[in-house]
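Undergrad: Okay, so the sequence shown: first residue is 106 according to the numbering used here, each after it adds one.
We treat Cβ as the ideally placed atom computed from N, Cα and C, and that holds for glycine.
The structure displayed is predicted, hence computed values, not measured ones.
Quick one: structure below, then a few questions.
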Amino acid sequence: MALLFASPDDDPVAWTQALKRRLPDLEVRVFPELGDPRDIEAALVWLPPSGLLASLPNLKAIFSLGAGVDRLLEDPTLPPNVPICRMVDPALTRSMAEFVLLHVLRYHRDLDVFEAQQRRAEWRLHLPKPPEATVVGIMGLGELGGAAARLLVAHGFTVKGWSRSRKEIPGVASFAGVHELDAFLHDLAVLVCLLPLTAATRGILNRALFAKLPRGARLVNLARGAHLVEADLIEALASGQLAHATLDVFATEPLPADHPFWRHPKITVTPHAAAYSAPESGAQVVCENLHRLRSGEPLLHRVDRARGY
Ligand code: NDP
Ligand code: OXD
């Protein structure tokens, strides 16, 4: 079996070595060197060029190097009947949970306020509060949101989560569906977005949603740029409805140098750096699925194309 590796952002040498350590007989071809496309039965991809996967006549499985598959599903040439599996990697999950904790702690300890004071050379104390006084809401309580919620609970925060179906995570108040969204939002000090990008969630971080948060709430968007209505964020920061935002993902990546977010005093920008799939642990997940593909067992972490995640 040959596997095609195609990603503009991931190291093909490290991935090939990690895959071959576990499956020495696996032939890995690195885009654009396809060889005979008929040999390729599996593809491991991030942002593949449109049409690439459609050009592989014997493709049996598509493995996403990313946890989010929105860009893959947007490709009109995507082969319709080939199963897609998303990346669920313990190292990625851990680094995302850590990134969420980092930003929640930053807001909980008013670091954004102290940074603004420093720019004005203003010495003013804000006394620390106990963690349970900070209510954190996570939109999307899946692999990543669930892990982040558990870590926040372990640190003593008051944690709420919102998802399509109700969850049972110790210490986390679970809200489900659109009719419970307002009850989820009304008392949050920090809102974290870890939703997949789908037709139902595109533009969900908008003026109407911000208005349902307490005045002065902070926003952390680590999911996709298209969840956010950019003009509505600028307006909410200007009015004080939101006090600050941390953005790791953007409608256009890399974020263009002249984009106002770069220089906004109430926005922290990070370059899609919250978490990534590490070759060592990620290859283990991919090889388990290759083994299942060979033996005809059900694949892990299948994407439901109709649902969009
Ligand atoms: P999962 O599929 O495991 O979890 C998605 C969660 O979102 C589920 O709890 C799901 O609910 C919920 N959800 C989906 N649609 C809706 C909706 N319409 N209303 C309410 N809840 C909804 O995904 P992951 O946790 O693995 O990843 C989440 C996203 O994080 C990715 O899609 C990607 O965009 C982003 N990401 C960002 C990275 C970065 O570096 N910034 C790195 C990796 C991922 P239910 O459980 O009920 O189905
Ligand atoms: C993503 C990822 O989906 O980096 O953003 O895994």
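#1: Quick check: the Cα distance between LEU139 and PRO117, rounded to an integer number of angstroms?
#2: Need the endpoints of the beta strand (DSSP E) that SER112 sits in, please.
#3: The beta strand (DSSP E) with THR263 in it runs from where to where?
#4: Figure out for me which residue from ALA350, VAL374 and PRO370 has the closest Cα to the Cα of PRO48.
#5: Please go through the same chain and pick out, in chain order, the residues whose beta-carbon is closer than 6 Å to the beta-carbon of VAL205, but skip the five residues on each side of it.
#6: For a test of the three-state rule: what should DSSP assign to ASN326, helix, strand or coil?
#7: Do you know offhand how far ILE189's Cα is from GLU237's?
#8: In angstroms, rounded to a whole number, what distance separates the CA positions of GLN346 and ARG323?
#9: Beta carbon of GLY171: closer than 7 Å to some heavy atom of the ligand OXD?
#10: For PHE366, name the three-state secondary structure that DSSP assigns.
#11: DSSP has ARG229 in a bridge; who is on the other side?
#12: One question on the structure: do VAL295 and GLY276 come within less than 8 Å of each other, judged by their Cβ atoms?
#13: Rounded to whole angstroms, what's the CA-CA distance from SER155 to LEU232? Just pull it up for me.
#14: Just list the residues that DSSP pairs VAL135 with in beta bridges.
#15: Along the chain, where does the alpha helix (DSSP H) that runs through SER169 open and close?
TA: Well, looking at it:
#1: When rounded, the distance between both Cα atoms is 14 Å.
#2: In the DSSP assignment, SER112 falls outside any beta strand (DSSP E), carrying neither H nor E.
#3: It spans 263–268 - the beta strand (DSSP E) in which THR263 sits, taken as one unbroken run.
#4: Absent from the model: residue 48. The displayed extent of the chain is 106 to 414, so no value can be given.
#5: Closer than 6 Å at Cβ, skipping near neighbours: ALA253 and VAL297.
#6: In this structure, DSSP gives ASN326 an extended state, which the three-state scheme calls strand.
#7: Distance between the alpha carbons of ILE189 and GLU237 is about 40 Å.
#8: When rounded, the distance between both Cα atoms is 9 Å.
#9: True, at least one ligand heavy atom lies under 7 Å from that Cβ.
#10: In the three-state reduction of the DSSP assignment, PHE366 falls in the helix class, which pools H, G and I.
#11: Assignment of beta-bridge partners to ARG229 by DSSP yields no partner.
#12: For VAL295 and GLY276, no; Cβs fall outside 8 Å.
#13: About 53 Å.
#14: The partner list for VAL135 (beta bridge, DSSP) reads PHE110.
#15: Per DSSP, SER169 is not a residue of any alpha helix (DSSP H); the beta strand (DSSP E) it occupies stretches across 166–169.
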